[in-house]
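Protein chains in written order, with our numbering: chain A, 3 to 386; chain B, 3 to 386; chain C, 3 to 386; chain D, 3 to 386.
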């Protein structure tokens with residue numbers, strides 16, 4: 003596949019994710035951490051316009067001078083922007099106009115890719131833009147799920163998606179010997195700056211589960227009073243349970259005594275054998291405590307990752323999101339990509355059913371606050 | 003005009019207000035007090051379905067069993083409902099489906115109006131529904147203005163509307179003698195329960211302005227430091243100014259030293275001779291204090307109303323919204339219409355440029371909290 | 003009694019109220035609307051220093067230059083001040099130092115009263131200061147009750163006070179004929195500016211209860227589900243009930259199925275025949291609605307007040323706190339006394355068991371927000 | 003020193019810290035994270051009563067049955083407790099009564115120590131209680147500083163304490179070679195559970211500063227616009243700066259262009275050569291970013307700690323507070339000591355001028371949220 007074909011296939015996949023939406027679905031931002039689909043479509047496009055076309059394509063005319071202000075996400079370097087919490091109020095430009103924007107930018111990207119496609123530094127930034135777009139593809143799916151899943155009439159996104167009900171075959175625990183392991187990205191190919199700085203980490207021997215926790219296992223915890231005994235919870239996790247009145251994973255509803263969950267194909271009974279999903283770090287840690295086990299560190303996870311199947315759920319680790327040794331954020335706006343978020347978040351490893359193909363590797367460091375659970379998260383345990 | 007023609011003309015006017023909207027504009031709820039246009043279209047329809055069709059039309063089949071839950075506003079009597087603050091997240095049913103709902107209900111209303119149109123009690127409820135719809139017509143306009151007016155690209159609603167720029171001819175003050183005046187609705191025709199209970203009120207002699215305060219007059223107050231001298235403000239008004247960082251009426255923007263305002267035809271320079279609008283009760287009272295005058299009571303306003311032109315701006319009075327003597331709220335859901343809001347709000351009299359024709363009278367009692375200003379509000383003064 | 007003797011007897015009474023406190027009790031501000039007893043002692047003294055000694059006594063040396071900043075309440079005219087919510091953090095100056103301050107100011111007041119005691123304008127301001135101090139005497143008692151009453155060990159303030167348990171003899175309703183009544187202060191003697199502007203009010207005939215609602219009557223409302231049926235409540239009152247989880251009057255505790263209340267002599271069983279107290283306007287209005295009666299307006303109350311006993315409870319009226327005709331706030335700091343609070347509050351009439359002797363009259367207008375209930379409030383009904 | 007003498011010397015030191023307080027100073031809780039001195043005195047005593055006397059001393063009669071409820075801090079296992087945010091409202095029991103409580107408990111501790119002093123398990127719990135009390139000694143000092151330091155009249159705590167002005171001699175950087183280092187407590191003597199689980203950590207070579215950052219160095223950062231350039235800040239740190247309007251370390255005041263700081267001996271000019279203190283993790287990390295260096299990890303700090311002087315400031319590390327391998331919280335209330343706080347906090351190492359003698363070691367793990375700065379915190383840098 004040519005680089006442009008690769009470019010266009012990523013871009014089209016974003017639009018494919020939205021192809022079943024109604025125009026109204028593109029608009030709302032029900033909570034600050036969920037962005038309107040419209041905004042994702044425009045913001046991922048703005049990235050190419052701002053960091054590539056305006057910089058490298060001579061004589062490029064901005065599609066619309068308002069868009070920089072409207073669709074910048076958090077790049078302080080680039081200028082003023084709409085407050086994150088206000089994204090849902092911006093009805094115009096409409097969805098059609100944003101699709102025109104995508105087309106306009108893609109057309110110009112075709113030109114610049116023909117001119118400069120073989121320049122390595124240039125290709126690196128385009129590749130960053132495509133990886134950025136792939137991150138937004140996953141967010142698009144989870145944000146759409148959040149929007150539809152909080153509608154009391156539970157609309158179906160796609161009848162053919164069975165992600166929430168998927169089961170896993172593996173059993174048992176895998177023993178990993180003590181030793182010095184190299185952690186971080188060393189292979190060829192794209193990676194984010196937060197994976198760089200490969201370094202040695204000493205690990206004690208440990209045993210890690212070959213499979214993820216299932217709904218049935220988690221229901222045992224729930225039925226044993228897991229949500230009402232403070233002993234299993236971190237202190238701030240317990241406050242979260244009480245203040246938010248949490249009694250089950252996100253999207254779970256108890257209907258006439260039976261647990262259902264909202265899935266991308268609508269409201270369904272919980273499949274007990276499926277991999278649990280949509281739990282926060284607090285819930286993952288409480289479950290592990292109750293089970294008298296623990297979560298792996300991100301180093302243990304990476305060291306063991308070739309020995310189990312991963313890719314269905316983002317797996318919470320017990321590591322905080324912190325810089326690797328020798329991490330230094332790049333100059334300029336690109337430097338705002340990862341480093342400034344390295345506080346108060348926990349690392350998740352692997353990838354999920356919603357992650358685009360070819361956008362995962364065992365050194366990838368995803369991160370969320372310990373109370374966030376609208377991603378397809380899951381639990382893998384390590385013995386004490 | 004037949005009663006059904008009247009019915010249908012009111013209903014069509016609601017849709018006419020929305021005719022220039024893009025689908026996306028129907029969705030958002032930028033602040034709790036502004037509802038999505040989609041919601042207004044459905045809720046005013048739900049009123050007829052709930053209180054008329056389900057009650058009076060034998061064999062009527064609900065259009066959609068979810069709609070009662072989705073589009074009830076605040077009628078606790080009728081059952082559970084979507085939280086007011088969540089209206090902007092409900093993307094489905096889509097706008098098309100809501101227009102179908104309107105059509106379906108109108109079709110059945112035609113039937114029931116033919117069957118029972120001459121029944122007085124029945125006609126009274128339909129008339130209440132139409133007046134209810136007219137109230138939502140005004141809210142539709144002011145909510146659309148709020149949505150578009152908080153978009154940084156300031157979209158035009160309708161090039162032909164010049165309401166914000168309108169001037170008034172009258173001058174001077176009108177003297178009203180002391181005496182006992184009858185206050186409240188006594189004429190034939192529709193009125194709300196909060197206007198009933200006509201009663202005598204003794205008024206001292208007073209002099210009331212023949213015209214509303216203009217932008218130029220209000221700019222004098224602003225330029226005299228009105229927003230930075232606590233002396234003119236009620237204590238809670240002063241807190242509002244400080245906490246919300248208020249420096250001008252809503253929709254005003256100072257661009258390179260010149261005052262502009264967002265209007266329904268876009269961003270324009272402020273016309274100094276136009277009637278001031280979009281000010282809160284706090285601002286109205288502060289302006290009056292600075293001018294060493296006062297606002298009229300709602301009783302003074304009503305007693306004098308035949309002697310000046312009104313209808314361009316809702317005029318803040320210095321009366322709190324309280325029950326008239328012998329007010330008693332009707333049984334059932336209809337009883338939730340007015341009475342339960344009679345606390346912490348101030349009365350506005352007259353009507354505004356956004357009020358539907360034939361939906362105003364000099365006994366009409368509108369009411370808002372003292373900090374609210376997204377309606378077309380204005381100021382009329384009385385001498386101390 | 004000489005004017006100075008009068009002065010000193012008011013001042014000593016303030017200290018008498020505090021005589022049973024421990025030093026620690028003088029310090030806290032558990033909620034913004036409750037001030038530390040220490041602060042009341044100093045603030046009422048500051049009033050005399052600021053408005054009298056510094057203005058009229060030549061060569062007067064301020065007791066402490068920090069005190070103006072520390073003990074100004076809300077007089078923006080006078081200068082900067084400690085934020086209202088921060089009063090509980092100011093441990094120094096200590097209580098002893100504040101008693102010295104009182105002594106110092108009283109000593110100088112003795113001098114100035116000898117010099118200028120016969121000057122009418124001067125006497126008026128001293129009289130205002132004494133009435134101001136009397137208002138703080140009542141607040142001292144209710145604030146002390148709040149502090150002690152929110153301590154889980156329920157300390158006794160004074161074994162000899164039986165206010166909460168007091169009963170009333172009167173029965174029946176009193177009929178008042180329609181007519182023009184003069185409302186506002188016209189007699190000799192002190193009154194606040196908010197009572198001035200006596201004016202005629204036309205009243206329809208009405209019947210008002212000769213006695214206040216008792217605990218037993220209110221318990222009927224509670225037992226009939228009064229706190230769980232939205233129908234009885236104003237909309238904002240109902241939100242208050244839900245958000246604050248209100249189920250009974252303030253200071254009531256259900257212990258093993260029996261209602262107790264914290265009183266100034268400790269925790270006691272509720273006396274069913276005693277006059278109900280510590281209810282908000284929302285509760286008063288809901289009770290009246292349930293009873294199918296209503297609260298009097300402040301005008302009805304004043305017109306009928308000579309025909310019933312009052313003085314045990316502040317009686318909620320259904321009148322908002324608004325300026326009387328021709329009200330104009332005085333220039334300068336004294337002008338901040340009443341006028342700026344005339345929004346979002348309801349009028350209470352009469353006085354309470356905690357009101358100092360000789361600090362009540364039937365034109366007195368007290369006012370609180372509709373959710374406030376730490377004063378000794380009560381309910382008197384009018385027939386519909 | 004006998005074990006009892008040791009016990010009593012720790013206990014007396016707590017009282018010595020409070021010896022210069024006025025009674026009023028014992029009461030307030032200005033912010034949730036600062037507890038009243040009264041509460042510290044009682045809570046540290048309650049620990050001995052609850053975990054030792056009630057368990058081990060036959061026939062022990064509780065001093066007061068309310069105290070368990072009043073002075074439990076966060077031990078859910080032990081039962082209900084006063085909400086943390088309400089501690090400042092509990093004026094009774096008074097300070098005198100709390101000193102009686104201390105005496106009563108100490109008297110009984112003398113008895114039990116004679117009976118069981120040689121039992122190792124028993125001695126371990128008493129030792130834990132004494133270390134717990136020493137932690138509260140440091141909090142007492144920093145909480146008193148907070149209370150007095152937020153009083154606009156800036157009272158002096160102790161004229162003889164010069165901690166904030168202290169200077170340091172050392173210079174240069176210390177090179178540490180790469181290698182496997184053992185981290186965690188292995189020596190004899192007391193340590194907390196969070197230090198246990200000694201384990202090997204591989205470290206790359208690094209260079210760490212021999213001395214802490216001075217006020218003069220930090221002023222360079224401030225003068226270079228450090229507080230107004232988002233580039234130096236973590237994203238949540240930047241929000242903190244904007245929302246809290248942060249422009250300098252805690253307790254710093256710019257008076258007529260000159261920087262002063264509140265110290266335990268009153269308001270003083272900032273000594274440029276003194277060790278910087280009272281900065282948050284956010285400020286420490288921003289300073290390091292500006293300096294193009296970084297903070298050490300807690301492992302680097304521990305590995306290098308024997309080569310520099312520490313003990314003046316708690317030194318922020320770039321490590322999140324997480325469990326060591328094999329950490330497992332003890333059963334029962336003692337298990338609530340550390341583990342449940344291991345989220346959203348950063349580790350500080352060393353100790354400070356306010357730490358009691360003999361309550362520090364190089365494996366000690368202190369922890370605070372990244373925005374907290376009322377402890378005596380400081381900055382030590384590592385080269386990139």
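Cβ coordinates follow ideal geometry from the N, Cα and C atoms, glycine included.
| query | result |
| --- | --- |
| Just checking, does the segment 244-257 of chain B make contact with the segment 327-342 of chain B on the three C-beta pairs under 8 Å criterion? | no |
| Helix, strand or coil for residue 393/A? Go by DSSP, reduced to three states. | In the structure displayed, chain A extends from 3 to 386; residue 393/A sits before or after that span and is not available. |
| Do three or more CB pairs link the segment 309-321 of chain D to the segment 343-354 of chain D at distances below 8 Å? | yes |
| Please report the residue range of the beta strand (DSSP E) in which residue 351/B lies. | 348-352 |
| Any C-beta of chain D sitting closer than 8 Å to the C-beta of residue 126/C? | no |
| Measuring CB to CB, does residue 12/A end up less than 8 Å from residue 117/A? | no |
| Return the residue from the list 277/C, 307/C, 183/C that minimises the CA-CA distance to residue 200/C. | 183/C |
| Using the three-state DSSP reduction, which class does residue 269/A fall into: helix, strand or coil? | strand |
| Is the beta carbon of residue 210/D less than 8 Å from the beta carbon of residue 363/D? | no |
| Would you say residue 48/A and residue 74/A are within 8 Å of each other, going by their C-beta atoms? | yes |
| Span of the alpha helix (DSSP H) holding residue 45/A? | 39-50 |
| Do you know offhand how far residue 122/C's Cα is from residue 109/C's? | 21 Å |
| Residue 305/C: buried (16+ other C-beta within 10 angstroms of its C-beta) or exposed? | buried |
| Please report the Cβ distance between residue 384/A and residue 328/A, rounded to the nearest whole angstrom; I am assuming they are in contact, meaning their Cβ atoms lie under 8 Å. | Incorrect: roughly 28 Å between the Cβ atoms, too far for contact. |
| Below 8 Å, how does it come out for the segment 216-230 of chain B and the segment 357-374 of chain B: are there three or more Cβ pairs, yes or no? | no |
| Going by beta carbon distance, what residues of the same chain come within less than 8 Å of residue 168/B, once the five residues before and after it are set aside? | 276, 277, 314, 355 |
| Verify the CB distance criterion: does residue 342/A have a CB-CB separation below 8 Å to chain D? | yes |
| Go ahead and pull the three-state DSSP assignment for residue 70/B. | helix |
| Mark residue 104/A as exposed unless 16 or more other C-beta atoms lie within 10 angstroms of its C-beta, in which case mark it buried. | buried |
| Quick check on the burial criterion: 16 or more other C-beta atoms within 10 angstroms. Buried or exposed for residue 149/C? | buried |
| Roughly how many whole angstroms lie between the Cα atoms of residue 288/C and residue 331/B? | 13 Å |
| Express the C-alpha separation of residue 253/C and residue 241/C in angstroms, rounding to a whole number. | 20 Å |
| Check the C-beta distance from residue 97/B over to residue 25/B and give it rounded, since I have them as a contact under 8 Å. | 6 Å |
| Using a Cβ-Cβ cut-off of 7 Å (strictly less than) and excluding sequence neighbours within five positions of residue 112/D, which residues of its own chain qualify? | 6 |
| Just to confirm the assignment: which complete alpha helix (DSSP H) runs, minimum length 4, are found wholly within the segment 272-322 of chain A? | 283-292, 300-306 |
| Between which two residues does the beta strand (DSSP E) holding residue 181/B run? | 181-185 |
| Return helix, strand or coil for residue 125/A, following the three-state DSSP convention. | helix |
| Where does residue 165/D fall in DSSP's three states? | helix |
| Leaving out five residues on either side along the sequence, give the residues of the same chain with a beta carbon under 7 Å from the beta carbon of residue 283/A. | 318, 348, 372 |
| Does the beta carbon of residue 40/D come closer than 8 Å to any beta carbon on chain A? | no |
| So, are the CB atoms of residue 393/D and residue 228/D less than 8 Å apart? | No answer is possible for residue 393/D: the residues shown for chain D start at 3 and end at 386. |
| Nearest by alpha-carbon distance to residue 38/C: which of 170/D, 263/D, 107/D, 91/D is it? | 91/D |
| Could you compute how far the alpha carbon of residue 154/C sits from the alpha carbon of residue 302/B? | 53 Å |
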